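Mapped onto my numbering, the consecutive letters of the sequence shown carry residue numbers 11 to 410. Cβ atoms here follow ideal geometry from the backbone N, Cα and C, with glycine treated the same way. As the structure is a computational prediction, the values presented were derived from the model and not from experiment. Heads up: the structure comes next, in structure tokens.
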Amino acid sequence: MSLTRTPDVLAVGGGIIGLVTAWRAAQRGLATGVVDPEPGGGAARVAAGMLAGVTELHYGEQTLLALNLVSAGRYPRFVAELTDLTGHDLGYRRCGTLAVALDADDRAHLRELHAFQRQSGLESEWLSGRECRRLEPMLAPGVRGGLRVDGDHQVDPRRLARALVAACERAGVVFHRQWAERLTVSGDRATGVVTADGTALTGGQVVLAAGSLSGRLAGVPDAVLPPVRPVKGQVVRLAVPQRYAPFLHRTVRAVVRGGHVYLVPRENGELVIGATSEEMGWDTTVTAGGVYELLRDAHELVPGLTELPLTETRAGLRPGSPDNAPLLGPTGLPGLLLATGHYRNGVLLTPVTGDAMAHALVTGELPEEARPFTPRRFDATTPTDPSAHTEQTALTEQTA
Ligand code: GLY
């Protein structure tokens with residue numbers, strides 16, 4: 011076992027959440043390390059990168075909506091800063107989203123979503139089927155109407171991850187390319203991790219940001235173990251040859267037979283179709299059934315896609331939490347912070363998570379907008395701040 015110099019912060023997990031935390035912490039002058047065998051990997055390898063705070067609005071998640079909107083609002087400056095610093099193009103497209111309905115049930119569902127968006131003060135516009143097809147001529151003739159949301163954009167998560175690795179390197183973040191196997195606790199304080207090769211890494215503060223794996227790190231006391239679980243998503247990638255471009259101008263999505271399907275067209279010609287949502291534990295097998303369902307539903311929306319080359323199939327694991335919202339900031343164990351449980355919104359919440367975690371690492375407190383997302387809302391023994399997250403706590407109680 012070897013010992014290394016103690017950094018101020020050790021981030022366990024080098025996906026986009028661990029990386030943005032490390033980058034922002036280093037920018038605040040904290041000596042920071044990241045422990046991950048393959049920084050820049052994780053769920054961002056699979057994610058489509060929709061920044062869909064408005065189209066993915068759900069009842070009971072208004073508190074999360076507020077955080078999603080803050081993060082969406084920070085995206086333009088966040089992208090500009092990362093691009094200026096690293097020279098990486100992140101594939102950020104302010105292209106908007108069109109959510110369409112194929113039958114009467116879908117139409118009723120979208121009408122309800124539209125009403126809820128308006129009640130929530132969000133901008134979206136109802137379009138007839140004909141108006142939808144005028145915007146997106148590749149849509150099926152049977153489209154019955156849709157919602158145009160010009161504020162929901164996209165970014166390329168793989169490029170984002172690469173840019174964050176580069177930004178961390180420039181900021182002096184040290185990468186330990188190993189699996190973290192165990193949290194070390196000394197007295198009543200988290201002090202670091204032991205890696206798979208037996209190296210003991212110490213950190214003044216440890217941030218557990220390992221996505222769906224965050225609930226599995228050995229040595230974390232049960233009372234502060236994050237209640238995250240893997241939610242599998244299968245995704246298909248097609249390529250749009252130049253002669254068909256632009257195939258779609260914006261993200262197109264729908265609920266088909268109760269399942270969500272979305273098509274995200276990138277400027278480089280990639281068309282990402284996602285995603286299944288499956289509670290299958292740690293399984294990341296790409297299945298015939300998963301791919302079939304995605305292509306069947308996408309084909310109902312956009313029949314012309316059968317002509318496109320299929321370039322990739324992949325499955326990833328979203329870090330689901332009991333109330334679908336992230337767990338951010340200090341835990342009941344001094345020295346241990348969490349940045350996990352981002353579920354369907356990891357890419358969208360990357361800017362606000364980096365800011366909130368850096369603030370928490372420097373001051374010991376979450377900034378105002380992130381306070382409802384304290385992990386302490388799940389503590390059995392500690393009363394939650396009564397002003398914090400009452401609506402989501404109620405949802406947890408209902409579903410428990
Ligand atoms: N936010 C899209 C998904 O999780 O599939």
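(request) Report yes if the C-beta distance between Leu348 and Gly339 is below 8 Å; otherwise report no. (result) Position 338 of the sequence shown, counting from 1, holds the residue named residue 348. Position 329 of the sequence shown, counting from 1, holds the residue named residue 339. Yes.
(request) Name, in chain order, the residues that DSSP records as bridge partners for Thr350. (result) Here residue 350 refers to the residue found at position 340 of the sequence shown. Paired residues: Leu337.
(message) For Arg104, which residues in the same chain have their Cβ closer than 7 Å to its Cβ, ignoring the five residues on either side in sequence?
(response) As a position in the sequence shown, residue 104 is number 94, starting the count at 1. Only His163 meet the Cβ criterion.
(request) Measure the Cβ-Cβ separation of Arg168 and Pro361 and say whether it is below 8 Å. (result) In the sequence shown, residue 168 corresponds to position 158, counting from 1. In the sequence shown, residue 361 corresponds to position 351, counting from 1. Not closer than 8 Å, so no.
(request) Please classify Arg192: does DSSP put it in a helix, a strand, or coil? (result) One-based indexing of the sequence shown puts residue 192 at position 182. In the displayed model, Arg192 falls within a strand according to three-state DSSP.
(message) Which residue marks the beginning of the alpha helix (DSSP H) containing Gln215, and which one marks its end?
(response) Translated into the one-based positions of the sequence shown, residue 215 becomes position 205. Note, Gln215: premise wrong, no alpha helix (DSSP H); beta strand (DSSP E) at Gln215 to Leu218.
(message) Relative to the C-alpha of Val45, which candidate in Asp116, Ala118, Arg267 and Leu193 has its C-alpha closest?
(response) Position 35 of the sequence shown holds residue 45. Ranking Asp116, Ala118, Arg267 and Leu193 by Cα distance to Val45 puts Leu193 first.
(request) Identify which residue in Arg226, Gly63 and Val246 has its Cα closest to the Cα of Pro237. (result) Position 227 of the sequence shown holds residue 237. Of Arg226, Gly63 and Val246, the smallest CA-CA separation from Pro237 is found for Arg226.
(message) Could you tell me the alpha carbon to alpha carbon distance between Thr392 and Pro382, rounded to whole angstroms?
(response) By 1-based counting over the sequence shown, the position of residue 392 is 382. By 1-based counting over the sequence shown, the position of residue 382 is 372. For Thr392, the predicted model reports a pLDDT of 48, less than 50, meaning its position is unreliable; a value from the coordinates is still stated below. Going by the C-alpha atoms only, they are around 15 Å apart.
(message) Going by DSSP in three states, His186 sits in which element: helix, strand or coil?
(response) For the purposes of this step, residue 186 is identified with residue 176 of the sequence shown, where counting begins at 1. DSSP places His186 in strand when its eight states are reduced to three.
(request) With a 10 Å radius around its C-beta and 16 neighbouring C-beta atoms as the bar for buried, classify Pro17 as buried or exposed. (result) Counted from its first residue, the sequence shown places residue 17 at position 7. Buried.
(request) Out of Thr212, Glu191 and Gly208, state which residue places its alpha-carbon closest to the alpha-carbon of Thr201. (result) Numbered from its first residue, the sequence shown carries residue 201 at position 191. Minimum Cα distance to Thr201 is reached at Thr212.
(request) Could you check which residue in Asp94, Thr96, His98 and Val64 has the C-alpha nearest to that of Ala82? (result) In the sequence shown, the residue the question calls residue 82 occupies position 72. Out of Asp94, Thr96, His98 and Val64, Val64 has the C-alpha closest to the C-alpha of Ala82.
(request) Using only the heavy atoms of the ligand GLY, determine whether one of them is closer than 7 Å to the beta carbon of Met148. (result) Sequence index remark: in the sequence shown, residue 148 carries index 138 (1-based). Because no heavy atom of the ligand GLY lies under 7 Å away, the Cβ of Met148 does not count as near it: no.
(message) Report the start-end ranges of each alpha helix (DSSP H) in the segment 139-185 that is 4 residues or longer and not cut off at the edges.
(response) You should have 139-145 and 167-180.
(request) Might you give, ordered along the chain, the residues of its own chain that have their beta carbon closer than 8 Å to the beta carbon of Gly55, omitting 5 neighbours on each side? (result) Against the sequence shown, residue 55 aligns to sequence position 45. For the record, residue 55 in the displayed sequence is Arg; it is not Gly. Pro167, Arg168, Ala171, Arg324 and Gly326.
(message) Less than 7 Å separating the Cβ of Ala335 from some heavy atom of the ligand GLY?
(response) As a first step, residue 335 must be located in the sequence shown, where it is residue number 325. Ala335: no, Cβ never under 7 Å from the ligand GLY.
(message) Suppose you measure from the CA of Arg38 to the CA of Ser224; what does that come to, to the nearest Å?
(response) Numbered from its first residue, the sequence shown carries residue 38 at position 28. Numbered from its first residue, the sequence shown carries residue 224 at position 214. Distance between the alpha carbons of Arg38 and Ser224 is about 25 Å.
(message) Tell me the residue span of the beta strand (DSSP E) that contains Pro240.
(response) Translated into the one-based positions of the sequence shown, residue 240 becomes position 230. Arg239 to Ala249 is the extent of the beta strand (DSSP E) around Pro240.
(request) Answer with buried or exposed for Leu29, where buried requires no fewer than 16 other C-beta atoms within 10 angstroms of its C-beta. (result) Taking the sequence shown and counting its residues from 1, one reaches residue 29 at position 19. Looking at its Cβ environment, which holds 16 or more other Cβ atoms inside 10 Å, Leu29 is buried.
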